[in-house]
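In full-length UniProt numbering, the protein residues as written are 1 to 82.
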């Protein structure tokens, strides 16, 4: 028996499925969600993009928040989803 607060076990099921590879306890929607996000950016590429963004900000004297603005965020998601 598992004790949960407010009768909500979604986070626990998600944790068990992701961390402990117990996918059978996950809801079908959680399994589908994990399948959709499997094309994430590799850590090396993310680091390269992060360094390029910092270089761009410093070289051009731009505010650090420029890459978090809605328009830039949409553009970046088109060229590099995830």
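Cβ atoms here follow ideal geometry from the backbone N, Cα and C, with glycine treated the same way.
Fair warning: this is a prediction, and the values are worked out from it, not measured in the lab.
- Taking 8 Å as the cut-off, the beta carbon of residue 66 is found closer than this to the beta carbon of residue 57.
- For residue 45, the secondary structure class from DSSP, reduced to helix, strand or coil, is helix.
- Take the alpha-carbon of residue 27 and the one of residue 13: they are about 7 Å apart.
- Residue 49 and residue 19 have their C-alpha atoms spaced approximately 27 Å apart.
- Going by C-alpha positions, residue 30 is about 42 Å away from residue 61.
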